[in-house]
Amino acid sequence: MAVLATACFAWAPSVAAQSGAAALRASYEKLAPGLANSPFGRPMVLTSAESEQSLKGEVYGVLDRPLAKVSAALDKPAHWCEMMLLHLNNRACRLDAANKTLTLSVVRKYDIPVDKAFELGFRGRLVSATPDYFEARLNSGKGPFGTSNYRIALEGIPLENGKSFIHFSYAYDQSTATAVASKSYLATFGRGKVGFTVVGKQPSGEPELVGGMLGLVERNAMRYFLAVDAYSEAPDNFEKRLAVWYSATQKYPRQLDDLTEAEYLQIKQSDRQRQSTARP
1 MAVLATACFA WAPSVAAQSG AAALRASYEK LAPGLANSPF GRPMVLTSAE
51 SEQSLKGEVY GVLDRPLAKV SAALDKPAHW CEMMLLHLNN RACRLDAANK
101 TLTLSVVRKY DIPVDKAFEL GFRGRLVSAT PDYFEARLNS GKGPFGTSNY
151 RIALEGIPLE NGKSFIHFSY AYDQSTATAV ASKSYLATFG RGKVGFTVVG
201 KQPSGEPELV GGMLGLVERN AMRYFLAVDA YSEAPDNFEK RLAVWYSATQ
251 KYPRQLDDLT EAEYLQIKQS DRQRQSTARP
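What follows is the structure, encoded as structure tokens:
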């Protein structure tokens, strides 16, 4: 498996790593006030953007572990498979050494049978894994429901006191076909769902949170950021990282409380058993 994993990530020039580290350090300094006064109960800032062509969600945050541990946990595609499978809607992940791809099986709602999942085939690129900067990227040209150009990126720099500053980005392009599928999603699986950004105030005085597809991309960006945190905390302990991820999502029940812990654990344990049985 180690040989397979190594084959799937290609290395990029170190010049990009140097500029990336400087840019992320500048982001950390710029976001310092927001991190210190975060509404998330931890040093974290979430941003999102929507245009006619694309959707993007980003999470910046401080992890309570050294960058070296984060880097070691996520410097191979096999590890990315394990990390991304923490997301409740990701049901399987396989690696293809010949084509250098990572294929993720995704369902629109966690309780949909895995044989109804759609697949996203990613190519990975490890930009940097030095003591001063980590960056890895996954790209997929084509997705379901008219979506395309999926971009997933993770980067990090070391901080003092054994901590690290991490930036996770999740984006994809949409089309006319996507708009039709989005209306169907928002009328069914996504009905009443919201994101994290406050866009106004309700008559009751409670904050009004962003909804629609922007709310969806914010929820997914947050789920993946929490997956990075949980996996890098327990890369060698499947049960622990499941518990850590689920516990983290419960801090944001309005957005991420989709199922009970027992349901989540049963689904993930079943998925792991099925994938283990299917593996040659």
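Per this note's numbering, the very first residue in the sequence shown carries number 1; after that it's consecutive. We put the CB at the ideal spot given by N, CA and C, even for glycine.
Cα-Cα separation between residue i and residue j, rounded to whole angstroms
i: VAL62; j: ASP257; result: 23 Å
i: ALA26; j: ILE166; result: 13 Å
i: GLN269; j: ALA243; result: 12 Å
i: ALA136; j: TYR185; result: 30 Å
i: ARG108; j: GLY34; result: 32 Å
i: SER169; j: GLY57; result: 6 Å
i: ALA117; j: ARG91; result: 8 Å
i: PHE189; j: SER182; result: 10 Å
i: PRO253; j: PRO43; result: 18 Å
i: THR101; j: GLU206; result: 45 Å
i: ARG125; j: TYR150; result: 14 Å
i: LYS240; j: VAL228; result: 13 Å
i: HIS79; j: SER247; result: 21 Å
i: SER71; j: THR103; result: 22 Å
i: ARG274; j: GLU119; result: 17 Å
i: THR277; j: SER148; result: 31 Å
i: ALA153; j: GLY143; result: 17 Å
i: TYR28; j: GLN53; result: 28 Å
i: ALA97; j: TYR264; result: 30 Å
i: PHE134; j: GLY215; result: 28 Å
i: VAL198; j: PHE40; result: 13 Å
Bridge partners - residue i, DSSP secondary structure assignment
i: GLU58; result: THR47 and SER169
i: ALA92; result: SER105
i: GLY156; result: PHE134 and ILE166
i: LEU242; result: LEU242 is not bridged to any residue.
i: TYR150; result: SER140
i: LEU63; result: SER164
Nearest-angstrom beta carbon gap, residue j and residue i [assumed within contact, 8 Å]
i: TYR60; j: LEU31; result: 6 Å
i: GLY211; j: GLN174; result: With 8 Å as the limit, GLY211 and GLN174 do not qualify as a contact, their Cβ atoms being about 16 Å apart.
i: GLU218; j: LEU46; result: 6 Å
i: ALA21; j: TYR231; result: So it is not a contact: roughly 22 Å between Cβ atoms.
Host beta strand (DSSP E) of residue i (start-end)
i: GLY121; result: 118-130
i: ILE112; result: Segment: none, ILE112 is in no beta strand (DSSP E) and carries neither H nor E.
i: GLY200; result: 198-201
i: LEU138; result: 133-142
i: PRO207; result: 207-209
Short CB-CB distance (under 8 Å) between residue i and chain B
i: ASN149; result: The question asks about chain B, but that chain is absent: this structure has only one protein chain.
Cβ-Cβ distance between residue i and residue j below 8 Å
i: ALA68; j: PRO131; result: yes
i: SER48; j: GLY195; result: yes
i: GLU155; j: LEU24; result: yes
Boundaries of the alpha helix (DSSP H) in which residue i is found, first to last residue
i: HIS79; result: 77-84
i: GLU263; result: 261-278
i: ASN220; result: 212-233
i: VAL180; result: 176-187
i: PRO253; result: 253-256
i: VAL70; result: 67-73
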